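Student:
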Amino acid sequence: MRKSIRSTTIPDRLLLLFLVVASVAGIFLAREAMPESDEVVIEVDGHPAFTAALQEDRVIRLQSSSGPIEVEISSGRARIKEAHCPNQLCVKQGWVSRGVIVCLPGRVIVFVGGRDTQKKKDLDAVTG
Amino acid sequence: MQLRDKQRIAVLSAYALALHGFEAILPMPVPWLRIGLANIITLVSLLLYDFRTALAVTVIRVTLASMFTGTFLGPSFILSLGGGLSSTAAMGLVHAASRNLFGPVGLSLVGSLFHNLAQLFLAWLLFVQRIGPVLIISPVILLIGTITGVVNGLISSLLIRQLTKENADNPADNSEL
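These protein sequences, in sequence, are chains A and B. With the first letter of the first sequence counted as 1, position 43 gets the number 43 in this note's numbering; the numbers rise by one all the way through. With the first letter of the second sequence counted as 1, position 164 gets the number 164 in this note's numbering; the numbers rise by one all the way through.
#1: Taking DSSP's pairing of strands, which residues face residue 77(A) in a bridge?
#2: Can you name, in chain order, every residue of its own chain whose Cβ lies under 8 Å from the Cβ of residue 59(A), other than the five neighbours on each side?
#3: Return the residue from the list 125(B), 17(B), 22(B), 153(B) that minimises the CA-CA distance to residue 65(B).
#4: Only counting the same chain, and skipping five residues up and downstream in sequence, which positions put a Cβ closer than 6 Å to that of residue 83(B)?
#5: Taking the alpha helix (DSSP H) that residue 35(B) falls in, what are its first and last residues?
#6: Measure the beta-carbon distance from residue 96(A) to residue 83(A) and round it to whole angstroms, keeping in mind my assumption that it falls under 8 Å.
#7: Output needed for residue 53(B): all residues of its chain with C-beta closer than 8 Å, excluding positions within five of it in sequence on either side, in chain order.
#8: Determine whether the Cβ of residue 9(A) lies closer than 8 Å to any Cβ atom of chain B.
#9: Kindly give me the distance between the Cβ atoms of residue 152(B) and residue 36(B), rounded to whole angstroms, as I take these residues to be in contact under 8 Å.
#10: Just curious, the alpha helix (DSSP H) that residue 85(A) is in, first and last residue?
#11: In three-state terms, what does DSSP make of residue 3(A)?
#12: Could you please tell me which residues of the region 113–142 of chain B, in chain order, have their CB closer than 9 Å to any CB of chain A?
#13: Please report how far the alpha carbon of residue 40(A) lies from the alpha carbon of residue 75(B), in whole angstroms.
#14: Kindly indicate the opening and closing residues of the beta strand (DSSP E) around residue 64(A).
#15: Check the Cβ of residue 23(A) against every Cβ in chain B and list those closer than 7 Å, keeping chain order.
#16: Might you give, ordered along the chain, the residues of its own chain that have their beta carbon closer than 7 Å to the beta carbon of residue 105(B), omitting 5 neighbours on each side?
#17: From this set, 54(A), 48(A), 89(A), 87(A), which residue's C-alpha is nearest residue 76(A)'s C-alpha?
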């Protein structure tokens, strides 16, 4: 394995360096670009289906194309509690305090903290 | 196509399928995370043989693996095939355009990058249809892909050195693979 590492070419190493720097920078940029808010927005089939405050603990039941889906909000975080998709990836993702949970088979997207603040910012610019 | 080429593609595809299956049973911290071990076989096929062999091995591997797991023509098959084809095409083009510029590690990084770009694009086009979530997750996926790409490249490099050494030691026996 040491020979393999030594036999890498200079372009190999430059490419590795570039990819690491670019993707780490991208992670921070994406974090910056994502506006903060205290809302949970649930989209079904690309249409907003439900908006709830992140502070308010509650359980939301929705119908998706793969059956009923249950979103739980508790102490500033949200999770998909129950879904009827085959591999349960969205349920396994667990609690999210800021970000996105996607259930591909059910075509459900849960935005946690931030999506509509961008619109509010635009409005601020108009009114203020 | 010669019979020997067919045998070679069959053996390489079997290796790729075995690695694909092995990877599926490895426990992963995040469910959608893949190391892409099968890409080692694609890369070795490209470097030891030619682009056609690498492409055939990739298509056979993706198709058969999806048939075995029952996801043929489903969403994960489309993502898998799109990623596999674009990564093989990108590695083939870069290899053909710059013979000695990139070693196995560089080519593996190119393959991993285009695999992920194609999958993110397909996921956006067919399933998510919103650019926001895709852009947020992209850098994370590309960073993980870079790490697994280096690992796969190093393994490929090791494998290629061993295989060419064996052939050099015993030139009569180079039809085995």
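C-beta atoms are modelled at their ideal positions from N, C-alpha and C, and glycine is treated no differently. Owing to the predicted nature of the structure, the values given are computational and were not obtained by experimental measurement.
Tutor: According to the structure data:
#1: Taking the first residue of the first sequence as position 1, residue 77(A) is located at position 77. Within the DSSP bridge table, the entry for residue 77(A) names 74(A) as partners.
#2: Position 59 of the first sequence holds residue 59(A). Correct list, in chain order: 70, 71, 72, 73, 81.
#3: To locate residue 65(B), count along the second sequence from 1; it is residue 65. Of the candidates 125(B), 17(B), 22(B), 153(B), the residue whose Cα lies closest to the Cα of residue 65(B) is 17(B).
#4: As a position in the second sequence, residue 83(B) is number 83, starting the count at 1. In chain order, 115, 118, 119 place their CB closer than 6 Å to the CB of residue 83(B), counting only its own chain and leaving out the 5 sequence neighbours on each side.
#5: Here residue 35(B) refers to the residue found at position 35 when the second sequence is read from its first residue. No alpha helix (DSSP H) holds residue 35(B); DSSP gives it neither H nor E.
#6: Taking the first residue of the first sequence as 1, we reach residue 96(A) at position 96. Taking the first residue of the first sequence as 1, we reach residue 83(A) at position 83. At roughly 14 Å, the Cβ-Cβ gap does not stay under 8 Å, so residue 96(A) and residue 83(A) are not in contact.
#7: Position 53 of the second sequence, counted from the start, is the residue given in the question as residue 53(B). For residue 53(B), where only same-chain residues beyond five positions count, the Cβ hits under 8 Å are 5, 8, 9, 12, 45, 46.
#8: Here the question's residue 9(A) lines up with position 9 in the first sequence. Under the Cβ distance rule, residue 9(A) counts among the residues neighbouring chain B, one pair being separated by less than 8 Å.
#9: Within the second sequence, numbered from 1, the residue matching residue 152(B) stands at position 152. Within the second sequence, numbered from 1, the residue matching residue 36(B) stands at position 36. Yes, they are in contact, since the Cβ atoms of residue 152(B) and residue 36(B) sit about 6 Å apart, within 8 Å.
#10: Looking up residue 85(A) in the first sequence gives position 85. The continuous stretches of alpha helix (DSSP H) do not include residue 85(A), and DSSP gives it neither H nor E.
#11: Residue 3(A) sits at position 3 when you count from the first residue of the first sequence. If DSSP states are grouped into helix, strand and coil, residue 3(A) belongs with the helices.
#12: Within the region 113–142 of chain B, the qualifying residues are 113, 123, 127, 128, 129, 130, 132, 133, 135, 136, 137, 138, 139, 140, 141, 142.
#13: Here residue 40(A) refers to the residue found at position 40 of the first sequence. Here residue 75(B) refers to the residue found at position 75 of the second sequence. Rounded to whole angstroms, the gap between the alpha carbons of residue 40(A) and residue 75(B) is 27 Å.
#14: Locating residue 64(A) in the first sequence gives position 64, where the first residue counts as 1. It spans 58–64 - the beta strand (DSSP E) in which residue 64(A) sits, taken as one unbroken run.
#15: Within the first sequence, numbered from 1, the residue matching residue 23(A) stands at position 23. Those within 7 Å of residue 23(A) in chain B are 139, 142, 143, 146.
#16: Within the second sequence, numbered from 1, the residue matching residue 105(B) stands at position 105. In chain order, 150, 153, 154, 157 place their CB closer than 7 Å to the CB of residue 105(B), counting only its own chain and leaving out the 5 sequence neighbours on each side.
#17: Looking up residue 76(A) in the first sequence gives position 76. Ranking 54(A), 48(A), 89(A), 87(A) by Cα distance to residue 76(A) puts 54(A) first.
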